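Engineer:
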Amino acid sequence: MSRFWSDTARHLSPYIPGEQPRVRGLIKLNTNEHPLEPSEKAIRAIKAVSGDSLRRYPDPTSQELCSAIAVTEGLQINQVFVGNGSDEILAHVFQALLSSSSVVNVPDITYSFYPVWAKLYGLECQTLPLSKDFSIDVDSLAALDGPILLANPNAPTGIALDLDSIEKLVFSERDRLVVVDEAYFGFGAQSATRLLDRADNLLVTRSLSKSHALAGLRVGFALGQSSLIDGLVRVKDSFNSYPIDAMAQAGAAAAILDREWLLGASEAVAGNRDWLVTELTQLDFEVCPSQANFLFVRHRSAAGQAIFDGLRSRNILVRRWDKARISEHLRISIGTREQCEALIAALKALLEE
Ligand SMILES: Cc1ncc(COP(=O)(O)O)c(C=O)c1O
698 MSRFWSDTAR
708 HLSPYIPGEQ
718 PRVRGLIKLN
728 TNEHPLEPSE
738 KAIRAIKAVS
748 GDSLRRYPDP
758 TSQELCSAIA
768 VTEGLQINQV
778 FVGNGSDEIL
788 AHVFQALLSS
798 SSVVNVPDIT
808 YSFYPVWAKL
818 YGLECQTLPL
828 SKDFSIDVDS
838 LAALDGPILL
848 ANPNAPTGIA
858 LDLDSIEKLV
868 FSERDRLVVV
878 DEAYFGFGAQ
888 SATRLLDRAD
898 NLLVTRSLSK
908 SHALAGLRVG
918 FALGQSSLID
928 GLVRVKDSFN
938 SYPIDAMAQA
948 GAAAAILDRE
958 WLLGASEAVA
968 GNRDWLVTEL
978 TQLDFEVCPS
988 QANFLFVRHR
998 SAAGQAIFDG
1008 LRSRNILVRR
1018 WDKARISEHL
1028 RISIGTREQC
1038 EALIAALKAL
1048 LEE
């Protein structure tokens, strides 16, 4: 703490991201990174960025990238906003859109960055308790006053709402903004983007970190009617004109257009997820039904912390939170088949001890 800290800096409770240890041979299943290498076309596009384009500032409006997203999603370019990861976009969403209200409604168990942004931008984060099975009671959520922010599929549970439920939330109150964080889109959940042409109170955010195996590139995007997008652009252009560097713009555009890679990679993850669900269930884990690239699990008798520690001592890293209701749970990212097999072998050994 320094005497120069502002009141804002003093009172923040920053988000703590999952560890990124540099440990040789570590099986890293703690931050939901994709197990496969990104699209070769994306890598080539990144490498093709010339020295001359690095000498210059990148395109502040990321036209090529926005256009690739618009074409893929069947939207107009003015319905697309891009940012330095969906985290940056969500921060702009708080400042540009949600702050017109004094509260934001979120599920009690969800992405733990939401309350951090709420505090940063002076909003009260009102939480709706998830049901016992971690599902969202859509009618209770729809009955609340104020904007709604929800991850679909939810994190860390992996449970997704279907399109009818999102539709209910969006159309139950047209003067309320609904922000659907689809960071884990691509692994089976339905997208809310189909509602966009009928709803000026819906914003969808996506990430290239999970579905496209590009967490290191830091690119996300938001989709909505142009009036919402314009609000985000105003905040972005008052904060950082160039949030996406030249390599990220080129790589992300190529990745978005490589539909074949996406289909194959998503299928591989879903296959490993199905295999892991079967194996974990046989080992007496309760497994939440996941439409994401991770599983949220709890052993019926062994303690979450003991399993976490046991895995760590065998060089396997998963994620656990010291939080009410979920302290016995572990969140496990879907790895390669070899990593999944190593995880199961380690769990078998641990549970036998
Ligand atoms: C629900 C959710 N939203 C957003 C993000 C941020 O993703 P990005 O890497 O695009 O900033 C994450 C990252 O883990 C997440 O879990």
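In the numbering used here, the protein residues as written are 698 to 1050. Idealized CB from N, CA, C, for every residue including glycine. Everything numeric in this text was worked out from a predicted model, so none of it was measured.
Out of G1001, T1033 and W1018, point me to the one whose CA is closest to L1044's CA.
Structural biologist: G1001
Engineer: For H708, is the classification buried or exposed, using 16 other Cβ atoms within 10 angstroms of its Cβ as the cut-off for buried?
Structural biologist: exposed
Engineer: What is the chain-ordered set of residues for which the beta carbon lies under 5 Å from any non-hydrogen atom of ligand 1?
Structural biologist: G782, S783, D784, Y808, A848, A852, D878, A880, S904, S906 and G917
Engineer: Starting from F991, trace the alpha helix (DSSP H) both ways and give me its first and last residue.
Structural biologist: That residue, F991, is in no alpha helix (DSSP H); its beta strand (DSSP E) goes F991 to H996.
Engineer: Just to confirm the assignment, what range does the alpha helix (DSSP H) spanning A765 have?
Structural biologist: Note, A765: alpha helix (DSSP H), Q760 to E770.
Engineer: Closer than 7 Å to a non-hydrogen atom of ligand 2 - does that hold for the CB of D830?
Structural biologist: Absence of ligand 2 from the depicted structure is noted, with ligand 1 being the only ligands included.
Engineer: Leaving out five residues before and five after D784 in sequence, what residues of the same chain have Cβ atoms less than 8 Å from its Cβ?
Structural biologist: Sequence-distant Cβ neighbours of D784 in its own chain, meaning closer than 8 Å and more than five residues away, are F810 and G917.
Engineer: In this structure, how does DSSP classify I724 when only helix, strand and coil are distinguished?
Structural biologist: strand
Engineer: Taking its Cβ as the centre, do 16 or more other Cβ atoms sit within 10 Å of S747, making it buried, or is it exposed?
Structural biologist: exposed
Engineer: On the DSSP bridge list, what partners appear for P850?
Structural biologist: DSSP lists no partner for P850.
Engineer: Could you tell me the boundaries of the alpha helix (DSSP H) in which N969 lies?
Structural biologist: Per DSSP, N969 belongs to the alpha helix (DSSP H) from R956 to Q979.
Engineer: Using the three-state DSSP reduction, which class does F884 fall into: helix, strand or coil?
Structural biologist: coil
Engineer: Please determine if the stretch 925-945 and the stretch 786-801 are in contact, where contact requires at least 3 C-beta pairs separated by less than 8 Å.
Structural biologist: yes
Engineer: Can the beta-carbon of P812 be found closer than 8 Å to that of I833?
Structural biologist: no
Engineer: Given 8 Å as the limit, is there contact between the stretch 821-840 and the stretch 727-738, that is, 3 or more CB pairs closer than that?
Structural biologist: no
Engineer: Is the Cβ-Cβ distance between L920 and L893 less than 8 Å?
Structural biologist: Yes, they are a contact pair.
Engineer: Report buried or exposed for T978, applying the criterion of at least 16 other Cβ atoms within 10 angstroms of its Cβ.
Structural biologist: exposed
Engineer: Which of the three DSSP states, helix, strand or coil, is assigned to C985?
Structural biologist: coil
Engineer: Does the beta carbon of A919 come closer than 8 Å to any beta carbon on chain D?
Structural biologist: No chain D appears in this structure, which consists of one protein chain only.
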